[in-house]
Structure formats: structure tokens, C-alpha cells
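These protein sequence lines are chains A and B, in that order. Each number in my numbering corresponds to the 1-based position in the first sequence with 436 added. Each number in my numbering corresponds to the 1-based position in the second sequence with 1021 added. This report concerns only the one structure given below.
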Amino acid sequence: MAVIASTPPSSTDTSAWSRWANNHRKWLFAAPAMVFVGALIIFPLAWTLYLSLTDAEGSVRAESEFIGFANYLEVLSDTDRFWPAVLRTFGFTGVALFFEVVLGMAVALLLWRPFRGEKWVRVAILMPLVATPVAVGMMWRLIFDPNIGMANQLLGWFGIGPQPWLAGQHSALPTTIFIDVWQWTPMVVLILLAGLTSLSNEPDEAARVDGANAWQRFRHITLPLLMPTVIVAILLRGIDALKTFDILYATKGRGGGSFHEVETLNVYAYGLSFDYNEYGVSSTVLIIFFLIIIGSMWALTSRRKKGAR
Amino acid sequence: MDVLRRSVIGTSLAVVAALGLSACGGGGDDSGESNTLRVTLVNHVWTENIKQALPEFEKQTGLKVEVTQLGEDQLSDQYNVKLNAGSSDIDVMMYRPLQEGKLFAKNKYLADLTDKTKGNAAFGFDDFQAGPVQATSYEDKVVGVPIITEQEVLYYRKDLLSKAGYSAPPKTLDELKSMAAKIQAENAGTAGFVARTGKAAAVTQFSSFLYSFGGDFVDGSGKATVNSDQAKQAYAYYGGLLKDHGPQNISTDMSWSEAMAIFTQGKAAFYTEANSLYKNATDPAKSKVSDTVGFAPFPAGPAGSKPYNVPSWALGINESSKNQSNAWKFIEWAAGKDQTLAQQKAGVPGARTSVWANPEGIATYPKDLADAIAISTANGVGHDRPLVVKVAEAREIVGQPIVDAITGKDVAGSTATANEAFQKLLDDEK
């Protein structure tokens, strides 16, 4: 820093400028990042918060009135669309996350030790992860088509009658959960595998010498050591699953189907703003949704800190 | 190893972030009257045809046309974002007069074209059909030029009908039902009837059933009438036909592409749909039934045959565009007499009276389709959905009884709920 301060000034003009710059350098260096955060995170958030307190609809440029917390009251007392959407959001996330972590752990353990053709298996397992979600949605929509889809044809070979899959009022959500598990388990595998590779072999070997069987070694040695990584995987995948939109939209379209079968908070807020042009109410749902995500993230990270200790 | 772990997590985070970010995009720059014209069009046969003809327009005018082409829903979202932001990077926009027309005009997204349309004799604005022109006007101002019209017709399979011993397509809705039932019973794996089932998507095609039963969405005094006796019968008929004689495990999300797929895969005998999509059924590359498909006028109900006859798409100019006079040049050309005739010959029903009067204009249509269209145009109803500002919401409301009927729920209860909700929407808009 002394170098900057002692640079000989070429004129009084620049010397004043460089002195100022030097005095404020901590702000100057941080400025780009602060502008970025301000413009891309704080402003949109504040604007959404403001919209949620108005009756904005039709056009954002049209005049809107400040109506306080009326939107919040309306949304929180809406048992027709809002609360079912909350339930679905958490149901979708909980069930998908459970299967992703359990399956992810199983696959990671399988891939942990070297074996022949390991590379190919790893590539194959990572395939779903690199596919774009909308393409994935379209593909599964074709497979699960009740009349011309492959899934029902396959069931037919085993003598099982055709299922409605995505078309059914009650089977649509489980089917989208299946698609989510198919697509995102590889990410959990990836994270857990990284965690497993970093584990030391010694505790495991010691337990083996003591006569512990495979399950005991996993339950009492590998899993506790891996716990911080598992929490990271749950955190990353959980937040992402709460916000799932692409797969639901690509398979069921607007409003999550005719009976809102797969309408989560994200899909609901999208519909409010793009179908109904009710920007005020939509912003309210998004703010509530945002608080929910912050809350879940906080709960999980505080557990993670406890786990790390 | 910790480094590896971090880098792996980092990579996966980057992948996740990239997937998330790829959904965003856009931006634009402001330029004055420029030689580059930005035109936003929907995926449609019309668009394919106009793209092929574009070089001719570019040569004539020296303008460069940049086409953005999107699906219906994506197009609608794009407009919502860009027009809301007052963006000037759309000059010409293809839009649905009955879906977004009122909303866009009310929000002042559409430039006033009254002087431009009426000031040019060669363009011949008088040539346009009155109904479509009404739909593209707002408060006595012309805000759009209709380019495609649509009527609902009955698509059917000639081979299945003759196999079942029928020599002609059904004339009435009762006949349609009994013929669908017979064909379904005699041909395992083939549905008697298919049509749109999605709550919002089905509303337009259901409207012809509603009118033919003597009902409508709203009565003359502006009251919601989706629970009138006629409406209840229409809902029960449409939903029942799909429930009893529709495809197995019927989805309640079908729009035209899914329903059309079932029909063109040879899995259904009858299909009611907009005529403007007929090429999907007659084109051998897209359809397994291209040589056996027939067309008939919409079957008559208790109130006669009352299909809709609407302008489905129009061209408008973005009010915020700084390139409006060039944009008008494009519309003059694309909706002009020559292009409309060329489009009509290529199978896109136009909005100009002259192309329908011209024998050349209907020469390429299947004979039975041309006859069906002529009948529909004569006794058609000018709207296929509730005429309100919040069309998307209204469609979901009046579409609920359709899916309830398809899934075997209580139609009377459903229409009562729908009517109440629809009335509330109408009151809110007053």
C-alpha cells in the first residue's frame, strides 16, 4: 500500500484524486462487488417487497395503490391455492430429498472402491445431471404418456394394466418426484463420493480388525465421518428442490395441471404473475416463499454446525 | 483430498448455477428508426410461410428483418416481460386478439393503427372480415391487423366410419355420440372421440359445444351464465363424451398438440378442433392417417350448429417501438392481398373476404374442409372464450367444469362454483 501512497503525482489534479482514492481504497476495491450485490440482489428483493404491499396488476407501469398487508392476509388465508401449494412444495422436496440421499448414498458407496469399467459407470450415472431439465421433462412426458408412452407398454409386457402417470390427478406428483430423483440423485452421488474419497481408511481398517461387519462399519464409522458432507448435500439439493420449476412446468404446464396437481409455490407465483398479471399478490407469495427458504436454510446450517462440532 | 472435494462441490455448484441462470436472458438496446426490423412471431404454419417469403420483402424495402419465433405460452410471457418494461426491442408483434388483445390495448402496449390502415387504399382494409376487425379494435381505434381466422370443424376417420357401416359423418351431436360409441366398441384400442382436455386449453374448443346447446359464457346484460341449463348440458356432453368414449387413462392436460397426436396416431375416430391446424392431420410426414382423414361442419346441437369463427392471430406494433413506420411496412406486406392469398393457398385461413371469394384461395383445401369452413363462417359465433381483460384467469374458471365432467365429478356443483367465481371476475372488471 505504501507504494501507492508514494507514487509521485504528475500534476496537482491527479494528486488530489490519488490521495482521495488512497484514503477511500477499501470502498473503491469493494465497490464493484457492492454495486453487483445492490443491483442484482438487494434492489430486486426490495422492489418485490414493495410490490407485495401494493395492488399492482395488469401492467407494472400502471398506477398502483399502497395497500399495506392486505395481500399477505389474502394469501395466508387462501386454502384453495396457497396452502395446498405449500404442502406440495414440502411434500415434493421431502420425498424427493429422502430418495435422492438414500439412493445417492447407496450409489456412492458402490462407486467408492475402484473396479473395472469404473469410468464408464461414472459417466453413465452423471448423464441425467448434464441434461437440461426442460428436455428431461419432455422426454419423460413422452415416456409416461398414458396412450402412446413406453412406460405403459413396458408394464403391458408384465401383464400390468396401463397407468395414468403424469395424467392422473393423484399420480402426477409422485411421478414428477420420480423424475426429480432420476435427474438429481447423480448430484448427491457426486458430492457424497467426494466426501467418501476424502475419508481416511484407518478407522475403517481398525474396525475391520475388531471384527465389525460391513453394516456396522458403515453405520458407526463411515456415516458419522461423512455426516458434514451429507448435510452439505441435503442443503444444496434441498434448497434447489424447494425451488423446482422447470420439470414441473415442462411436464404439467401452467398452473401445475388442470387440478393444480403439481402446483408448488414457485409454479403458483409464476402463474399469478404471468397468467393473471397480479403482480402484487405474486410478489407476496414470493416474499413468503423466500422467508420459508431462508428459514429452512437456517435450520439446516445450524444443524450442520452442530454436526461439525 | 479436501481440495478435490471442494473442487467437485464447486463444479457441481457451478453446474447448478448455470442451469438456473440459463433460464434468464434478454436485454436490449435502444436505437432510432433503423433498417433492422424486429418481428416476434409464434410457431405456426403462417410463420413458416412468411419466413420463406421474407427475402422478397427485404429486397423490396432494403430492410433487414430479425424474426424471433416462440411457442404460444413463451410468446405470451415474453410480451409480459418486455412490454411491461416498455422495451423498444420488439417492433412488430404477432398476438392473439381474443386472448391478450384487450389487456394489451388497455395497458397501451399496442400502437394506434387507425390512420395507417385507413390511409392506404391499396392495402384495402375494407377487405377484412368485420368480426375479426372488431376483435382487433379497442375503443374505436384499430390496434391490430387480423391475419389468421379459425373455425371449429369435425375431423374424422373415413375408414373407421365406413367400416362401422356409416356413409356420412354425423350431422348432429347425438349422432356423433352414438357413432363414437359404436366405433369404439368395435375397434379395441381406438377411442371414439378425442379433444382438448386441459382446463384452459379446452375452453375455446368447448365453446362451439356451448353455443350449439344454446348457451354462452355471458348473457346480453353481462351476467355470467356458465350454470345455465344449456351450459350444464354442454359441459356434461363434452366431458361425458371424453370420459365414456375418449382415450383410456385420459389426461386432463391435453392441448391441441397432445389431442392431435392421438388423432394422427390413428387412436381416435372423431376430433373437434380448429380448422387452421388441419395440415397436421393431412401431412403424411406428421400424420399416420393423412389419407383417411375427413372434415365435416360442426355437428348441430339443440340450438343448431354454432361453431366459433374467430381471428386467432393478428399483427400489431409495439407502442414503444422507435421503428413504427418500418413496422407498418412489414404489416402492409405480410397482411397484404398477395401474401394473404399465398398463405390461404398454403392452408392458412385468412381474414380477407377476397381470398375466400377467389376460387384460387380455396382450391388447395380438401373439398370437404372448404365446404365445412364455408358453413362455419356463415353461422359462426365471433368469440371462442369469455371476452374479458383477464382472459387467462377466466378460462381457468369456466374450464373447471370441463375437467370435472371428464373425471366424473358432479357437473351441477362445479358449474355453480364456476359461475360464482366468473361473476366475481366480471364484477371486478367493471
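All C-beta atoms in this analysis are idealised placements derived from N, C-alpha and C, irrespective of residue type, glycine included.
- Judged by DSSP secondary structure, B/Q1120 falls outside any alpha helix (DSSP H); it is assigned neither H nor E.
- Within chain A, N583 have C-beta atoms less than 7 angstroms from the C-beta of B/P1268, given in sequence order.
- Of the other Cβ atoms in all chains shown, fewer than 16 fall within 10 Å of the Cβ of A/F465; this residue is therefore exposed.
- Listed in chain order, the non-local C-beta contacts of B/A1074 below 8 angstroms within the same chain comprise Q1360 and A1363, local neighbours out to five positions each way being set aside.
- Contact annotation: in the segment 538-570 of chain A, residues whose CB is within less than 8 angstroms of a CB in chain B are L565, V566, T568 and P569.
- Cβ-Cβ distances below 8 angstroms link B/G1092 to V1063 and N1064 in the same chain, with the five nearest sequence neighbours on each side left out; the list follows chain order.
- Here the segment 1338-1355 of chain B does not lie against the segment 1419-1426 of chain B, with fewer than 3 beta-carbon pairs under 8 angstroms apart.
- Listed in chain order, the non-local C-beta contacts of A/R690 below 7 angstroms within the same chain comprise G707 and D711, local neighbours out to five positions each way being set aside.
- Look at B/K1220: its C-beta is under 8 angstroms from a C-beta on chain A.
- Remark: C-beta atoms of A/L628 and A/G530 do not approach each other more closely than 8 angstroms.
- Between B/P1328 and B/E1173, the CB-CB gap stays under 8 angstroms.
- The bridge partners DSSP lists for B/K1162 are B/Y1159.
- B/A1356 counts as buried, since no fewer than 16 other beta carbons sit within 10 angstroms of its beta carbon.
- When Cβ-Cβ separations below 8 angstroms define contact, B/I1283 makes contact with chain A.
- Secondary-structure assignment with DSSP links B/L1131 through a beta bridge to B/N1339.
- Of the candidates B/A1282, B/P1268 and B/T1157, the residue whose Cα lies closest to the Cα of B/A1201 is B/P1268.
- Its Cα nearest to that of B/K1198, the residue B/P1320 stands out among B/P1380, B/G1382 and B/P1320.
- Around the beta carbon of A/I596, fewer than 16 other beta carbons sit within 10 angstroms, so the residue counts as exposed.
- For secondary structure counted as the alpha helix (DSSP H) over 4 or more consecutive residues, the segment 1391-1423 of chain B holds no complete run.
- Looking at the DSSP output, B/W1334 shares a beta bridge with B/I1169.
- Taking 8 angstroms as the CB threshold, A/S495 lines the interface with chain B.
- Residue contact with chain A for B/N1128: present (Cβ-Cβ distance below 8 angstroms to some residue of chain A).
- Annotation: A/G527 to A/E499 spans about 38 angstroms, alpha carbon to alpha carbon.
- Counting the other CB atoms within 10 Å of its CB gives A/H606 a total below 16, which places it among the exposed residues.
- Sorting A/L722, A/A735 and A/W601 by C-alpha distance to the C-alpha of A/P480 places A/L722 at the top.
- For A/A506, the closest alpha carbon among the candidates A/A705, A/R739, A/F726 and A/T490 is that of A/T490.
- Ranked by Cα distance from B/N1056, the options B/S1228, B/T1068, B/K1080 and B/I1071 are led by B/K1080.
- In this structure, the beta-carbon distance from B/T1285 to B/A1302 falls below 8 angstroms.
- Between A/L635 and A/L661, the beta carbon gap of about 5 angstroms places them in contact (Cβ cut-off 8 angstroms).
- By the rule that beta-carbons nearer than 8 angstroms mark a contact, A/F726 does not touch chain B.
- Contacts with chain B (Cβ-Cβ distance below 9 angstroms) from the segment 604-622 of chain A involve G604, Q605 and A608, listed in chain order.
- Of A/T621, A/D640, A/V624 and A/W601, the smallest CA-CA separation from A/W576 is found for A/W601.
- A/V698 places its beta carbon less than 8 angstroms from that of A/T612.
- Annotation: A/V543 is outside any beta strand (DSSP E); the continuous alpha helix (DSSP H) that includes it extends over F518 to W548.
- When DSSP states are grouped into helix, strand and coil, B/E1207 belongs to the helix group.
- In this structure, B/T1211 and B/A1289 form a Cβ contact; the two beta carbons are roughly 7 angstroms apart against a cut-off of 8 angstroms.
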